[in-house]
Every structure is written in structure tokens, then in C-alpha cells.
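209 is the number that full-length UniProt numbering gives to position 209 of the sequence shown; each next residue is one higher, with no gaps.
C-beta atoms are modelled at their ideal positions from N, C-alpha and C, and glycine is treated no differently.
If you're wondering where the values come from, they're calculated on a predicted model, not measured in any experiment.
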Amino acid sequence: MVASPPTTTRPPRLSGDFHRFWAAGTFTNLADGMAAVALPLIAATLTQDPLLVSGLMVARFLPWLLLAPLSGALIDRVHRIRAMIVSNTVATLATVGLLVVLATGNLSIQALYATMFVLICCETVTDPASRIAVVSLVPARLLDRANGRSEGGRLVAQDCLGRPVAGFLFAAGAAAPLLGIAGSYALCALLLCALPLVWRRPVLEESASTAPEGFGRSTREGFRLVFGDRLLRGNMLCNAGLMAGLNMGFAVLVLYVQEDLGVPLALFGVFTLSSALGGVVATLVVDRLILRLGRNAVVFGGYLGMAACSVGVALVSDPYTAFVLFTALGLCSVASNIAASPYHQVVVPDRVRGRVAGVSRMIGWGVTPVGALLGGLLGRVDLALPFLVGGAIVVVTALLARRVVAETALRADRALAETAGP
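Given below as C-alpha cells:
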């Protein structure tokens, strides 16, 4: 008998459409990262008042408070990639508008607030739409790989590249990073237009043959689900406390780095690279940490680690030590976030995940402006004080939510085991 030659099976690969979609997403993330650094840097040239500078943090998170549930309901009703094209186009026009204001000599802190607000309004559509749209571009067996590649691209583009690039461009003038931001949003929209899926008529699911649920009713259902479920409600409140506490310090970060640590403004973007580096490390080791320590330990330990790093930042004056602490903070933040994510991905029913995520993000991110304003007020006394008080708030929040965190982790592990099968 003649043996047949061995066959080599090539591992499945992500499609070209996905890679174009991924590239478009990285340009959006690059623009988001540059905007997060460029606008505070420009604000610092207009005022040294910590409260006024912290207003940018308010403008950055206020859209999530006002629009997240509505955006979640909206993207369930429209073509998601087309929605991303529109939102990136609006973001481009908003940045170009700020460039015009700058060129005419009419720049003000209020113009920066307005631009930041519009950019994040667009993000409330782009971010959830991109996470859902990827399902239509890859087979189910490759979804985990696609999600991992998307998250890695976001971290590298937004945090590792966008932030330091904005700092370097700012050294050439305030207009330089704004041109980069506008160009990146525009490139994202153009790349998305090149996807064949954009121009196809959407295929309705069989279940969609019935009359669609009213927009207001659909949005209200999301609120009922989150506030009516003990674990969803507890996780939402825990996230709110963490976000408020951490962003008390981040609201005045540009002033703290410049005045207390003595870092030049041109290197501010490089300094903020620290937390991104920690996040990238977390994506590489979190699976092993969960296997070795357990999901609950990674989540709860990450919360305590964030608190310790925030307090540590308040107590040091050396920029190198602060850089290490921010790196550790980024590692703890991303590791705890990844470990906590499966609950919403596998326990929450699929048909309501978008609305649950929207309501949870609205409350969690919506209280961030309160923390930012408190951070600005405390920063008027001492720029290290927001990090100290914010760290204390994170500790208290973690301790109060300990049982919720433990039960959430347990249910996520059980659901993952059931999904994997015997």
C-alpha cells in the first residue's frame, strides 16, 4: 500500500476585510490618543488654573453620561460600519473647526471644551459599534483572535504612539497635533468606505421580521436590567467609584507632571506612555495570572494595586519613580479589566449586552466628571492631593465591592466552563 503524502493544514487566517477594518480602527485610536494629550497641552498654554484644565476631563466623560444608552440603542438599529464612517467624519470636521479657531487667533478654553465634547460624542458611537461590527467580518472560531488583535492595536496606537506623538508634534506648534488628529479620523473614514460590506444591503435576521421595539422602550429596558440585577448594579457602582477616584489625579496630570515632577511639556506624551506600557504587559501575562491566582484575585488585587500606585504617585517627586508607578498602575488596570470582562461577555444575555454595557458605562464613566472637578479643586491646594484622595477612594470602593467582585468572578468562571463543554 502506498502511503498518501502528508497534508499540511494552514491555520485559519483573518480576512483582508478584517485587516482593513483593523487598520481603520487603529487610525481612530491614534487620533483619540493624540487628542487626549494635545488638548490638555494646548489648555496649559491658555491657563495654569487646575480647575479650568480639569474641565477638559469633564468634557471628555460627560458625553458618556448623557449619550451612552442612546448610542447603544442607536447602533442596534443602523448599519454599524456606516455609523462609524459618519462619526469619524464629524470628528474630522470638529478638529478642523478648532484649527480654524486657532488660525484666526480666537482660541479659548471654551473652544477646547466644545471640541473635546464633540470628539467623545463621536466616540460613544465608534467604540461600541466597532466592537460589535467585528463579528460580521470574522468567523466565530476567529473572534477571540480578532478581539485580541483589536485590543492590542488600540493600546499601541492610542497609548504607545498617539500620546507621545502628540507631545512631539506640540513642540512644533499647537496646530501640528490638531492636523494629525484630523488626518487620522479622516483616514479611518476613508478606509471604512473601502470595505465591500459597507455598500451591501444589510441582511435582517429572521427574528427581525417582527416589529422593532420602540427606541425609548429599548433604552429603558437597559436601565431596568442593570438596576434590577444585584451583580450588574454592584459592578456598575464599583466601576463608578474606581473611575471617579482614579480620574481625580488624571484631571490635573498635565500640571502635576510639569510643575511637581519637572517634566517638559514636549515630553508629557512620552511620560503618559508609562501606563500604556503597563497595559501591554498585562495583555501578555493576564491569562497566566488568572490560571495561577484565580480570576477574583486578579480583579480585586488589581483594584488594590491601582490604589497603591495612585497614593505612591502623591508621595514621590522623582519623575522616574513616578513613571514606574504609572506603569504599574496601567498593568493593574488592564489586568483587572480583562479578568472582569467575561461576565458581560458570557453571562449577560446576548440580545441585551449592548444596552447593558451602555447603561453601565453611562453611570461608571458619567461620574468621572465629578471626580475630575474634585481633583481640580484639590489641585488648587496641592497638585499631589488629587492622587492621594483618589487612591483612598479606590481602596474604599474595592473593599465595599469585594463580595460582588468575588461572586461575579465565580459566575464568569462557571459560564466559561459550561461554554467550553466537557
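Legend entry - Selection from F271, R355, G301 and F61 that minimises the alpha carbon distance to T327: Position 327 of the sequence shown holds residue 327. It is F271.
Legend entry - the region 232–248 contacting the region 360–369, beta-carbon criterion three pairs below 8 Å: yes
Legend entry - Given L30 as reference, the closest of V286, R403, R163 and V316 once Cα atoms are compared: Position 30 of the sequence shown, counted from the first residue, corresponds to residue 30. Of V286, R403, R163 and V316, the residue nearest in Cα terms is R163.
Legend entry - Assigned exposure category for G249 - 16 Cβ within 10 Å defines buried: To locate residue 249, count along the sequence shown from 1; it is residue 249. Counting Cβ neighbours within 10 Å, G249 comes out buried, since at least 16 surround it.
Legend entry - Same chain, Cβ closer than 7 Å to V281, five either side skipped, listed in chain order: On the sequence shown, position 281 is the one that residue 281 refers to. Excluding sequence positions up to five before and after V281, its CB lies within less than 7 Å of the CB of L331, all in the same chain and listed in chain order.
Legend entry - L119 - containing alpha helix (DSSP H), residue span: Here residue 119 refers to the residue found at position 119 of the sequence shown. Counting along the chain, the alpha helix (DSSP H) containing L119 begins and ends at I109 to A133.
Legend entry - Cβ contact check for the region 87–95 and the region 305–320: 3 or more pairs under 8 Å: no
Legend entry - Through-space distance from A307 to G390, alpha-carbon basis: Numbered from its first residue, the sequence shown carries residue 390 at position 390. Numbered from its first residue, the sequence shown carries residue 307 at position 307. Each residue's alpha carbon lies about 8 Å from the other.
Inset, instruction - Give the DSSP-derived three-state secondary structure of L137 in the structure shown. - result: Start at 1 with the first residue of the sequence shown, and residue 137 comes out as number 137. In this structure, L137 counts as coil in the three-state DSSP scheme.
Inset, instruction - Please classify E206: is it buried, with 16 or more other beta-carbons within 10 angstroms of its beta-carbon, or exposed? - result: On the sequence shown, position 206 is the one that residue 206 refers to. Model confidence at E206 stands at a pLDDT of 42, short of 50, so the residue's coordinates are unreliable; what they give is reported in the following sentence. When all chains shown are included, E206 counts as exposed.
Inset, instruction - Assuming R380 and P40 form a contact by the criterion Cβ under 8 Å, report the distance between their Cβ atoms to the nearest whole angstrom. - result: Along the sequence shown, read from residue 1 onward, the residue named residue 380 stands at position 380. Along the sequence shown, read from residue 1 onward, the residue named residue 40 stands at position 40. Actually they do not touch by this definition, with Cβ atoms about 17 Å apart.
Legend entry - Delimiting residues of the alpha helix (DSSP H) encompassing T95: Residue 95 sits at position 95 when you count from the first residue of the sequence shown. Per DSSP, T95 belongs to the alpha helix (DSSP H) from R80 to A103.
Legend entry - Collapsed DSSP secondary structure at A282 in the structure displayed: Counted from its first residue, the sequence shown places residue 282 at position 282. Helix at A282.
Inset, instruction - Taking H344 as part of the alpha helix (DSSP H), name the residues at either end of that continuous run. - result: Residue mapping note: residue 344 aligns to position 344 of the sequence shown, counting from 1. No alpha helix (DSSP H) contains H344, which DSSP labels as neither H nor E.
Inset, instruction - Please say whether L56 and L102 have beta carbons closer to each other than 8 Å? - result: Here residue 102 refers to the residue found at position 102 when the sequence shown is read from its first residue. Here residue 56 refers to the residue found at position 56 when the sequence shown is read from its first residue. Not in contact: L102 and L56 (Cβ atoms no closer than 8 Å).
Legend entry - Limits of the unbroken alpha helix (DSSP H) element including T28: Residue 28 sits at position 28 when you count from the first residue of the sequence shown. It spans G16 to L46 - the alpha helix (DSSP H) in which T28 sits, taken as one unbroken run.
Inset, instruction - Leaving out five residues on either side along the sequence, give the residues of the same chain with a beta carbon under 6 Å from the beta carbon of L107. - result: Residue mapping note: residue 107 aligns to position 107 of the sequence shown, counting from 1. Excluding positions up to five away in sequence, the list reads V101.
Inset, instruction - Tell me, please, whether the region 398–418 touches the region 340–354 by the rule of three or more beta-carbon pairs shorter than 8 Å. - result: Contact between the region 398–418 and the region 340–354 is present, because at least three Cβ pairs lie under 8 Å.
Inset, instruction - Could you check the C-alpha separation between V395 and S15 for me, to the nearest Å? - result: In the sequence shown, the residue the question calls residue 395 occupies position 395. In the sequence shown, the residue the question calls residue 15 occupies position 15. V395 and S15: Cα-Cα distance of roughly 44 Å.
Inset, instruction - Compute the Euclidean distance between the alpha carbons of W22 and A266, then round it to the nearest angstrom. - result: Within the sequence shown, the letter at position 22 stands for residue 22. Within the sequence shown, the letter at position 266 stands for residue 266. Their Cα atoms are separated by approximately 30 Å.
Inset, instruction - Reducing DSSP to helix, strand and coil, say where L195 ends up. - result: Against the sequence shown, residue 195 aligns to sequence position 195. Coil, per DSSP.
Legend entry - Beta-carbon proximity list for A175, same chain, < 8 Å, skipping 5 on both sides: Indexing the sequence shown from 1 puts residue 175 at position 175. Cβ within range, chain order: L99, L102 and A103.
Legend entry - C-alpha distance - V118 paired with Y256, whole-angstrom precision: Position 118 of the sequence shown, counting from 1, holds the residue named residue 118. Position 256 of the sequence shown, counting from 1, holds the residue named residue 256. Taking the straight line from one Cα to the other gives about 26 Å.
Inset, instruction - List the endpoints of the continuous alpha helix (DSSP H) containing A266. - result: If you number the sequence shown from 1, residue 266 lands on position 266. It is not in any alpha helix (DSSP H) - A266 carries neither H nor E in the DSSP assignment.
Legend entry - Alpha carbon of I81 to alpha carbon of D382, nearest angstrom: Walking along the sequence shown from the start, residue 81 turns up at place 81. Walking along the sequence shown from the start, residue 382 turns up at place 382. When rounded, the separation of the alpha-carbon atoms in I81 and D382 is 45 Å.
Legend entry - Nearest-angstrom Cβ-Cβ length linking S54 and G375, presumed shorter than 8 Å: Translated into the one-based positions of the sequence shown, residue 54 becomes position 54. Translated into the one-based positions of the sequence shown, residue 375 becomes position 375. Yes, S54 and G375 are in contact; Cβ-Cβ is about 6 Å, under 8 Å.
Legend entry - Sub-8 Å separation of A404 and A335 beta-carbons: Translated into the one-based positions of the sequence shown, residue 404 becomes position 404. Translated into the one-based positions of the sequence shown, residue 335 becomes position 335. The sequence given here places Val at residue 404; Ala does not occur at that position. For V404 and A335, no; Cβs fall outside 8 Å.
Legend entry - Rounded distance between the beta-carbons of Y303 and L242, thought under 8 Å: Within the sequence shown, numbered from 1, the residue matching residue 242 stands at position 242. Within the sequence shown, numbered from 1, the residue matching residue 303 stands at position 303. Taking a contact as a CB-CB distance under 8 Å, the pair L242 and Y303 counts as one, their CB atoms being some 7 Å apart.
Legend entry - Coarse secondary structure for L261, derived from DSSP in three states: Position 261 of the sequence shown, counted from the start, is the residue given in the question as residue 261. It is coil, neither helix nor strand.
Legend entry - Beta carbon of A244 nearer than 8 Å to that of V367: Here residue 244 is taken as the residue at index 244 of the sequence shown, counted from 1. Here residue 367 is taken as the residue at index 367 of the sequence shown, counted from 1. Yes.
Inset, instruction - Tell me whether G366 sits in a helix, a strand or coil according to DSSP, three-state version. - result: As a first step, residue 366 is located in the sequence shown; it is residue number 366 there, counting from the start. In the three-state scheme derived from DSSP, where H, G and I count as helix and E and B as strand, G366 is classed as helix.
Legend entry - Unbroken alpha helix (DSSP H) run spanning V352, endpoints: Within the sequence shown, the letter at position 352 stands for residue 352. Taken as a continuous stretch (DSSP letters only), V352 belongs to no alpha helix (DSSP H), as it is neither H nor E.
Inset, instruction - Please determine, among V156, I109, I75 and V78, the residue with the shortest C-alpha to C-alpha distance to G279. - result: Along the sequence shown, read from residue 1 onward, the residue named residue 279 stands at position 279. Residue V156 is the option with its Cα nearest to G279.
Inset, instruction - Out of P369, L388 and F268, point me to the one whose CA is closest to W64's CA. - result: The residue you call residue 64 lines up with position 64 of the sequence shown. Per the Cα distances, P369.
Inset, instruction - Can you tell me which of T397, V356, A406 and S87 puts its alpha carbon nearest to the alpha carbon of L225? - result: Working through the sequence shown from its first residue, we reach residue 225 at position 225. Here the closest residue by C-alpha is V356.
Inset, instruction - With DSSP as the reference, label N337 as helix, strand or coil. - result: Taking the sequence shown and counting its residues from 1, one reaches residue 337 at position 337. In the structure shown, N337 sits in a helix (DSSP, three-state: H, G or I).
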